[in-house]
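Participant: Residue numbers (the working numbering): 387 to 499.
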């Protein structure tokens with residue numbers, strides 16, 4: 387295993403641990419988050435963390451669980467990461483820039499963006 391593969395393995399392991407912890411804290415959060423991402427991707431060209439504030443989810447008990455949720459949405463072929471980022475509006479994120487994802491399932495959307 388080369389260093390890049392090791393890093394990816396460690397990343398995926400960490401996402402799994404955070405996901406498991408979130409599932410124990412609030413068992414249906416993951417399904418609700420995935421459903422919210424899918425709803426957003428069905429109605430607009432792009433999806434960003436800020437868009438999830440329009441959906442009623444509440445905060446994650448383990449914020450690092452989001453990595454595996456975004457990854458699953460991408461694996462489901464609902465979204466694909468773009469090279470763009472956008473600043474988060476949540477003050478707890480301290481102006482963090484999160485990826486902008488392009489919807490692959492937006493019905494009637496202009497897909498050239």
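Backbone N, C-alpha and C define an ideal beta-carbon position, used for all residues, glycine too.
Helix, strand or coil for residue 447? Go by DSSP, reduced to three states.
Facilitator: For the purposes of this step, residue 447 is taken as residue 61 along the chain shown, with counting starting at 1. If DSSP states are grouped into helix, strand and coil, residue 447 belongs with coil.
Participant: Which whole-angstrom value describes the C-beta separation of residue 471 and residue 483, a residue pair presumed to lie in contact below a C-beta threshold of 8 Å?
Facilitator: On the chain shown, position 85 is the one that residue 471 refers to. On the chain shown, position 97 is the one that residue 483 refers to. About 4 Å separates the two Cβ atoms, so the contact holds.
Participant: Roughly how many angstroms separate the alpha carbons of residue 431 and residue 461, rounded to a whole number?
Facilitator: Counting from 1 along the chain shown, the entry for residue 431 is found at position 45. Counting from 1 along the chain shown, the entry for residue 461 is found at position 75. So the alpha carbons of these two residues sit roughly 18 Å apart.
Participant: DSSP three-state call for residue 491: helix, strand or coil?
Facilitator: By one-based count along the chain shown, residue 491 stands at place 105. Residue 491 falls in the coil class under three-state DSSP.
Participant: May I ask you to report which of helix, strand or coil DSSP gives residue 349?
Facilitator: Missing from the structure shown is residue 349; the chain here goes from 387 to 499 and no further.
Participant: Mapping DSSP to helix, strand and coil, what is residue 499?
Facilitator: As a working mapping, residue 499 is identified with position 113 in the chain shown. Annotation note: pLDDT 46 at residue 499 (below 50); position unreliable, coordinate value reported separately. The answer is coil: DSSP assigns residue 499 none of H, G, I, E or B.
Participant: Cα separation between residue 443 and residue 435?
Facilitator: The residue you call residue 443 lines up with position 57 of the chain shown. The residue you call residue 435 lines up with position 49 of the chain shown. Approximately 12 Å, taken between the alpha carbons.
Participant: Helix, strand or coil for residue 425, going by three-state DSSP, please let me know.
Facilitator: Here residue 425 is taken as the residue at index 39 of the chain shown, counted from 1. In this structure, residue 425 counts as helix in the three-state DSSP scheme.
Participant: Figure out for me which residue from 451, 465, 492, 464 has the closest Cα to the Cα of residue 410.
Facilitator: By 1-based counting over the chain shown, the position of residue 410 is 24. Looking at the Cα atoms, 451 is the closest of the given residues.
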